[in-house]
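S.K.: According to my numbering, the residues represented by the sequence shown are 1 to 227, in order.
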Amino acid sequence: MPIIPKASYEIVTPEVISFSSKQAELYNEIIAFVDKIDSFRSPKIHLEQYSLPGDLIALILILSSGDLIGQNVVDLGCGTGRLTLPIKKFFSDRVLGVDIDSDAINHLVQSQKQNLLSLDLLIASVEFLETFNWGKKYQTTFMNPPFGTKRRKLDLVFLKQALKYSQTIISVHKSNPETQKIITQLGKQYEKKVEILATVNFPQFPSFQFHRKCKHYVCVDLLRIAP
Numbered sequence: 001m002p003i004i005p006k007a008s009y010e011i012v013t014p015e016v017i018s019f020s021s022k023q024a025e026l027y028n029e030i031i032a033f034v035d036k037i038d039s040f041r042s043p044k045i046h047l048e049q050y051s052l053p054g055d056l057i058a059l060i061l062i063l064s065s066g067d068l069i070g071q072n073v074v075d076l077g078c079g080t081g082r083l084t085l086p087i088k089k090f091f092s093d094r095v096l097g098v099d100i101d102s103d104a105i106n107h108l109v110q111s112q113k114q115n116l117l118s119l120d121l122l123i124a125s126v127e128f129l130e131t132f133n134w135g136k137k138y139q140t141t142f143m144n145p146p147f148g149t150k151r152r153k154l155d156l157v158f159l160k161q162a163l164k165y166s167q168t169i170i171s172v173h174k175s176n177p178e179t180q181k182i183i184t185q186l187g188k189q190y191e192k193k194v195e196i197l198a199t200v201n202f203p204q205f206p207s208f209q210f211h212r213k214c215k216h217y218v219c220v221d222l223l224r225i226a227p
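(1) Since residue 81 and residue 51 should fall inside the 8 Å C-beta cutoff, what is the C-beta to C-beta distance between them, to a whole number of angstroms?
(2) Would you decide whether residue 58 is buried or exposed? Buried here means 16 or more other CB atoms lie within 10 Å of its CB.
(3) Among the candidates 18, 225, 143, whose CA atom is the shortest distance from the CA of residue 84?
(4) Does residue 203 come out as helix, strand or coil in the three-state DSSP assignment?
(5) What are the uninterrupted segments assigned as beta strand (DSSP E) that are 3 or more residues long and contained completely in the stretch 48 to 136, given in chain order?
(6) If distances are taken between C-alpha atoms only, which option among 75, 62, 55 comes closest to residue 20?
(7) State the start and end residues of the unbroken beta strand (DSSP E) segment that holds residue 226.
(8) For residue 75, which residues in the same chain have their Cβ closer than 6 Å to its Cβ, ignoring the five residues on either side in sequence?
(9) Using a Cβ-Cβ cut-off of 8 Å (strictly less than) and excluding sequence neighbours within five positions of residue 127, which residues of its own chain qualify?
(10) Where do the N-terminal and C-terminal ends of the beta strand (DSSP E) with residue 142 fall, by residue?
(11) With DSSP collapsed to three states, give me the class of residue 195.
(12) Per DSSP, what kind of secondary structure is residue 148 in: helix, strand or coil?
(13) Let me confirm a value: residue 164 is counted as buried when at least 16 other C-beta atoms fall within 10 Å, else exposed. Which label applies?
(14) Are the Cβ atoms of residue 196 and residue 159 separated by less than 8 Å?
(15) Looking only at its chain, what residues have a beta carbon closer than 6 Å to the beta carbon of residue 167, apart from the 5 residues adjacent to it on each side?
(16) Between the C-alpha atoms of residue 114 and residue 37, what's the straight-line distance to the nearest angstrom?
(17) Within this structure, are the beta carbons of residue 201 and residue 27 separated by less than 8 Å?
Here it is as structure tokens:
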């Protein structure tokens, strides 16, 4: 089985991730597709808007593909759709993107038209979503939530909403023991187990005026939370 090609990110764990030939081909297709989707043109600091590299998105989607194929998927905090659109194109027939930022949603509307894809889109605050009947419609929630650097533990606000209705959650969080412990405890409250699919260092480039470094690395866990 081919090992994944050299990428912008560094895999911390597991030690080796191997792809089948079909997965390696899909990996490259996802990268090519995602790289055509714009990230935030004017990111809003209070919403902690940032984008993952295209190759990391491809890795995340392939590692979690078993929970995407044939499932109805919600992308909480979908932004401009760099996760939402490839999920729709390569994995799922029905995808709902949710974001509070109307500018990001409008941008996503244009991108879906350009790519001849059809998404369900909702402009709303994740914190105040009415999700009481979502469990009958959506099986998987996929999200790259704010890390909580501007509002502490905002990522957990996203997670708690997803736990209310979703059978399986795939989520990206900053890697640290405290967060892992809190998420594990939350999962137990909903009779779900937390599994770390991978821990990855990825580069972030300056997007705000106060960013001084030309590049710095962020370590994140890709989590699968399921019964």
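Beta carbons: idealized from backbone N, C-alpha and C, even for Gly.
Being a predicted model, the structure only gives us computed values, none of them experimental.
M.R.: This is what the structure gives:
(1) 11 Å between Cβ atoms; not a contact.
(2) buried
(3) 143
(4) strand
(5) 73 to 76, 95 to 99, 120 to 123
(6) 62
(7) 216 to 226
(8) 83, 84, 97, 142
(9) 157, 161
(10) 140 to 143
(11) strand
(12) For residue 148, the pLDDT reaches just 48, beneath the cut-off of 50, and the residue's location in the model is therefore unreliable, although a value from the coordinates is still provided. Looking at residue 148 - three-state DSSP - the assignment turns out to be coil, as it is neither helix nor strand.
(13) exposed
(14) no
(15) 139
(16) 10 Å
(17) no
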